[in-house]
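Residue 132 in the working numbering sits at position 64 of the sequence shown, with consecutive numbering throughout.
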Amino acid sequence: MAAVFIGYFITKTGWVQRLILIASALLLITGGTVTNIIGFTLFAVIVLFQWNNKNKINKQLRSEIA
């Protein structure tokens with residue numbers, strides 16, 4: 069939930085990512101196995117997307133420094 073309000077998780081979050089993160093948080097809060105699986109899956113998608121973007125940014129920075 070904090071990433072939604074702050075606007076930053078691993079990298080800066082856009083509005084679409086914020087909406088997905090808040091949906092994920094709400095699904096994880098509600099009880100139920102199916103909602104937990106969906107909520108965790110949405111969260112994992114955002115983590116992987118942001119981690120990939122972070123790696124791209126780091127690679128660009130390294131090539132500019134070298």
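Even for Gly, the Cβ is constructed at its ideal location relative to N, Cα and C.
None of the values given here were measured: they were computed from a predicted structure.
Per-residue burial, residue i [other beta carbons within 10 Å of its own, 16 or more giving buried]
i    : result
F108 : exposed
Q128 : exposed
Option in the options with minimal Cα separation from residue i
i    : options               : result
I106 : Q118, V115, A91, L116 : A91
L110 : G82, L87, G99, A70    : L87
W54  : I114, K127, N126, T98 : Outside the shown range of the chain (69 to 134) lies residue 54, about which nothing can therefore be said.
Presumed contact (8 Å Cβ cut-off) between residue i and residue j, rounded CB distance
i    : j   : result
T103 : L95 : 5 Å
A71  : L89 : 5 Å
According to DSSP, residues forming a beta bridge with residue i
i    : result
K127 : Bridge partners of K127: none, in fact.
- Message: Below 8 Å, how does it come out for the region 74 to 89 and the region 115 to 129: are there three or more Cβ pairs, yes or no?
- Response: yes
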